[in-house]
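Enquirer: Can you keep this structure in mind? I'll have questions shortly.
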Amino acid sequence: MIPIILHVDMDSFFASIEVRKNPALRGLPVVVGADPKGGTGRGVVSTASYEARAFGIRSGMAISRAYALCPQAIFLPVDFSLYREVSRRIMEILISFADRLEPVSIDEAFLIVTRIPTYDDAITLARKIQKEILEKEQLSCSIGIGPSRTVAKIASDIQKPGGLTVVPPDQVEAFLLPLPVHMLPGIGKKTDRELAILGVRTIGELARIDIQILRERFGRWGLYMDQLAHGGDLGSHSVEETPRSLSREITFDEDTRDSDLLERTMDDLAKDLHESVNQEGVRFRTVTIKVRDEDFTTVTRSRTLPHPSADLDLLCREAGCLLREFLDGRKIRLLGVRVSHLTDSAVQESIGRYIGSPER
Ligand code: TTP
Ligand code: MG
């Protein structure tokens with residue numbers, strides 16, 4: 002029996018948790034991220050409530066730009082430990098509904114269900130999930146249902162917030178082909194631009210282009226895109242669920258050459274990044290630090306390990322060594338740390354952590 006896949010993604014996750022904490026914020030534009038300091042603050046937007054998005058505010062945008070777009074918005078700092086705790090409780094709710102749970106990030110997961118025979122049953126299940134998350138956590142989510150992870154994930158995104166979008170197997174083509182290519186998981190701005198040069202803007206155009214052209218231009222990634230465009234999945238260990246890298250960075254309020262502060266900050270970033278490494282259930286082989294100085298010169302330094310690792314001490318040590326090699330008294334504006342060459346060998350561990358029992 003072909004499994005039916007549900008993709009659950011929380012709506013404006015961090016912002017919704019903040020609104021739940023302080024209900025007076027309901028209906029207001031809320032931005033979670035750095036302090037905008039009246040428009041002179043640095044750092045980026047983590048997420049924004051849908052009311053704030055109406056002003057054009059988006060994740061990843063400079064906080065100063067968000068302030069310029071909507072100075073009256075409520076700007077709040079990021080409270081990761083709270084969001085992680087809520088995430089854990091939501092994953093526990095989800096697993097009670099699934100044959101198998103595949104957490105993807107802090108606010109999304111795939112549910113693989115083989116017990117239910119029809120898409121109508123899946124719709125009933127999705128409504129139950131939305132109701133239970135709303136009742137137990139007072140938070141809303143959007144759900145996509147389809148025959149593959151790719152389709153389910155795109156479907157969950159298409160009618161946010163509070164959406165439920167169902168794409169049965171016989172409607173996959175009609176659903177996917179008109180959509181812009183950037184809706185496919187993994188296609189970011191760079192690939193989007195390169196595809197546009199080839200005249201490919203929609204998933205339909207991607208599905209029709211000669212696969213040799215994709216292979217020449219993008220290598221293995223081209224072959225993968227071709228499969229995605231045809232609604233395909235590469236299975237639970239596919240590239241789409243293994244991020245290519247994970248990173249954290251921070252912009253200092255004031256440029257600094259204080260080496261203690263720089264080293265402490267790098268250690269904090271590495272610890273925070275390690276939480277994501279655990280959450281994603283991945284191991285890394287390469288650790289890269291990023292340093293931007295007061296002149297905006299950005300330098301990265303990497304070290305590749307002989308074996309994949311998920312070790313916190315190792316990550317902190319490598320990041321610290323790379324930083325110390327770099328420090329030469331110049332003033333620093335931004336520090337970052339990234340892990341890449343990720344493998345998903347720990348996926349099962351991560352599921353185990355969420356559900357407390359082996360995969361069924
Ligand atoms: P998303 O699910 O991408 O965004 P969202 O839940 O805020 O909004 P949507 O309703 O569109 O799903 O990401 C989940 C959380 O991850 C988000 O609340 C904040 C965090 N995040 C960042 O910190 N930086 C980012 O650039 C993105 C995209 C998300
Ligand atoms: Mg979300």
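Heads up: take any position in the sequence shown, counting from 1, add 1, and you land on the numbering used here. Ideal Cβ placement from N, Cα and C applies to all residues, glycine included.
Does the stretch 192-208 come close enough to the stretch 176-184 to have 3 or more Cβ pairs within less than 8 Å?
Expert: yes
Enquirer: Which class does alanine 123 belong to by DSSP, given the choice of helix, strand or coil?
Expert: As a working mapping, residue 123 is identified with position 122 in the sequence shown. Note: alanine 123 maps to helix in three-state DSSP.
Enquirer: Which ranges would you report for the alpha helix (DSSP H) in the stretch 94-151 if only whole runs of at least 4 residues count?
Expert: 120-138
Enquirer: Which of helix, strand or coil does DSSP assign to lysine 332?
Expert: Here residue 332 is taken as the residue at index 331 of the sequence shown, counted from 1. Residue state, collapsed to three classes: coil.
Enquirer: When you compare only the Cα positions, how much space is there between serine 341 and lysine 291?
Expert: The residue labelled residue 341 in the question sits at position 340 within the sequence shown. The residue labelled residue 291 in the question sits at position 290 within the sequence shown. Whole-angstrom Cα-Cα distance: 13 Å.
Enquirer: Using the beta-carbon count (16 or more within 10 Å), is aspartate 254 buried or exposed?
Expert: Looking up residue 254 in the sequence shown gives position 253. Looking at its Cβ environment, which holds fewer than 16 other Cβ atoms inside 10 Å, aspartate 254 is exposed.
Enquirer: Along the alpha helix (DSSP H) that carries lysine 22, what are the first and last residues, could you check?
Expert: Position 21 of the sequence shown, counted from the first residue, corresponds to residue 22. Note, lysine 22: alpha helix (DSSP H), 14-22.
Enquirer: Roughly how many angstroms separate the alpha carbons of lysine 272 and leucine 313, rounded to a whole number?
Expert: Position 271 of the sequence shown, counted from the start, is the residue given in the question as residue 272. Position 312 of the sequence shown, counted from the start, is the residue given in the question as residue 313. Going from the Cα of lysine 272 to the Cα of leucine 313 covers about 7 Å.
Enquirer: Nearest-angstrom Cα distance between arginine 54 and serine 248?
Expert: To locate residue 54, count along the sequence shown from 1; it is residue 53. To locate residue 248, count along the sequence shown from 1; it is residue 247. Answer to the nearest angstrom: the Cα atoms are 24 Å apart.
Enquirer: Taking contact to mean 3 or more Cβ pairs, one atom from each stretch, closer than 8 Å, check whether the stretch 276-288 and the stretch 325-337 are in contact.
Expert: no
Enquirer: Taking C-alpha atoms, which residue in Gly28, Ser60, Ile214 and Thr119 lies nearest to glutamine 73?
Expert: On the sequence shown, position 72 is the one that residue 73 refers to. For the residues Gly28, Ser60, Ile214 and Thr119, the minimum Cα distance to glutamine 73 belongs to Gly28.
Enquirer: Measure from the alpha carbon of serine 47 to the alpha carbon of each residue in Lys38, Arg318, Met62 and Thr41, then state which is nearest.
Expert: Indexing the sequence shown from 1 puts residue 47 at position 46. Looking at the Cα atoms, Met62 is the closest of the given residues.
Enquirer: Could you tell me whether any non-hydrogen atom of the ligand TTP is closer than 7 Å to the CB of aspartate 10?
Expert: Your numbering for residue 10 matches position 9 in the sequence shown. It does: the Cβ of aspartate 10 is within 7 Å (strictly closer) of some heavy atom of the ligand TTP.
Enquirer: Could you tell me whether the stretch 135-153 touches the stretch 6-18, where touching means 3 or more Cβ pairs closer than 8 Å?
Expert: yes
Enquirer: For isoleucine 214, collect the residues of the same chain with a Cβ closer than 7 Å to its Cβ; drop the 5 residues on either side in sequence, then sort them by chain order.
Expert: As a first step, residue 214 must be located in the sequence shown, where it is residue number 213. Closer than 7 Å at Cβ, skipping near neighbours: Leu199.
Enquirer: I believe leucine 1 touches isoleucine 212 by the beta-carbon criterion, under 8 Å. Please report the beta-carbon distance rounded to the nearest angstrom.
Expert: Since the first residue of the chain shown is 2 and the last is 361, residue 1 is not available in this structure.
Enquirer: Do glycine 330 and arginine 258 count as a contact pair if the criterion is CB distance below 8 Å?
Expert: Position 257 of the sequence shown, counted from the first residue, corresponds to residue 258. Position 329 of the sequence shown, counted from the first residue, corresponds to residue 330. Taking 8 Å as the Cβ cut-off, arginine 258 and glycine 330 qualify as a contacting pair.
Enquirer: Taking 7 Å as the cut-off, does the CB of lysine 161 come closer than this to any heavy atom belonging to the ligand TTP?
Expert: Working through the sequence shown from its first residue, we reach residue 161 at position 160. At least one heavy atom of the ligand TTP is nearer than 7 Å to the Cβ of lysine 161, so yes.
Enquirer: Going along the chain, which residues of its own chain have a beta-carbon closer than 6 Å to the beta-carbon of arginine 43, five neighbours each way excluded?
Expert: The sequence position of residue 43 within the sequence shown is 42, counting from 1. Cβ within range, chain order: Thr252.
Enquirer: Just to confirm, are phenylalanine 111 and alanine 153 a CB contact at a threshold of 8 Å?
Expert: The residue given as residue 111 occupies position 110 in the sequence shown. The residue given as residue 153 occupies position 152 in the sequence shown. Yes, they are a contact pair.
Enquirer: Would you kindly report the start and end of the unbroken beta strand (DSSP E) that includes aspartate 254?
Expert: On the sequence shown, residue 254 is found 253 positions in, with the first residue counted as 1. Taken as a continuous stretch (DSSP letters only), the beta strand (DSSP E) holding aspartate 254 covers 246-257.
Enquirer: Got a sec? Which residues, its chain only, sit under 6 Å from arginine 293 by beta carbon, not counting five neighbours each side?
Expert: The count along the sequence shown starts at 1 and reaches residue 293 at position 292. The answer, listed in chain order, is Thr299, Arg334 and Leu335.
Enquirer: Is the distance from the Cβ of alanine 16 to the Cβ of serine 50 below 8 Å?
Expert: Position 15 of the sequence shown, counted from the first residue, corresponds to residue 16. Position 49 of the sequence shown, counted from the first residue, corresponds to residue 50. For alanine 16 and serine 50, yes; Cβs fall inside 8 Å.
Enquirer: Please classify serine 82 as buried or exposed, where buried requires at least 16 other C-beta atoms within 10 Å of its C-beta.
Expert: One-based indexing of the sequence shown puts residue 82 at position 81. The residue in question, serine 82, is exposed, as its Cβ has fewer than 16 Cβ neighbours within 10 Å.
Enquirer: Is it the case that the Cβ atoms of valine 31 and isoleucine 75 are separated by a distance below 8 Å?
Expert: Counting from 1 along the sequence shown, the entry for residue 31 is found at position 30. Counting from 1 along the sequence shown, the entry for residue 75 is found at position 74. Yes, they are a contact pair.
Enquirer: Count the other CB atoms within 10 Å of the CB of alanine 99; is the residue buried (16 or more) or exposed (fewer)?
Expert: Locating residue 99 in the sequence shown gives position 98, where the first residue counts as 1. Buried is the call here.
Enquirer: Give a yes or no on whether the C-beta atoms belonging to serine 246 and arginine 304 are separated by under 8 Å.
Expert: Taking the sequence shown and counting its residues from 1, one reaches residue 246 at position 245. Taking the sequence shown and counting its residues from 1, one reaches residue 304 at position 303. No. Outside cutoff.
Enquirer: Distance, Cα to Cα, proline 37 vs tyrosine 68?
Expert: Here residue 37 refers to the residue found at position 36 of the sequence shown. Here residue 68 refers to the residue found at position 67 of the sequence shown. Computed Cα separation, rounded: 6 Å.
Enquirer: On the three-state DSSP scale, how would you describe glycine 233?
Expert: Numbered from its first residue, the sequence shown carries residue 233 at position 232. In this structure, glycine 233 counts as coil in the three-state DSSP scheme.
Enquirer: With a Cβ-Cβ cutoff of 8 Å, do glutamate 19 and valine 33 count as a contact?
Expert: Locating residue 19 in the sequence shown gives position 18, counting from the first residue. Locating residue 33 in the sequence shown gives position 32, counting from the first residue. It is a contact, given that the beta carbons lie within the stated cut-off.
Enquirer: How is the beta strand (DSSP E) around valine 173 delimited, first residue to last?
Expert: Stepping through the sequence shown from its first residue, residue 173 is reached at position 172. Not the beta strand (DSSP E): valine 173 falls in the alpha helix (DSSP H), residues 173-177.
Enquirer: With burial defined as no fewer than 16 other Cβ atoms inside 10 Å of the residue's Cβ, what is the status of isoleucine 3: buried or exposed?
Expert: Taking the sequence shown and counting its residues from 1, one reaches residue 3 at position 2. Looking at its Cβ environment, which holds fewer than 16 other Cβ atoms inside 10 Å, isoleucine 3 is exposed.
Enquirer: Pull up the distance between the alpha-carbon of valine 167 and that of tyrosine 120, whole angstroms please.
Expert: As a first step, residue 167 is located in the sequence shown; it is residue number 166 there, counting from the start. As a first step, residue 120 is located in the sequence shown; it is residue number 119 there, counting from the start. Approximately 8 Å between the Cα atoms of the pair.
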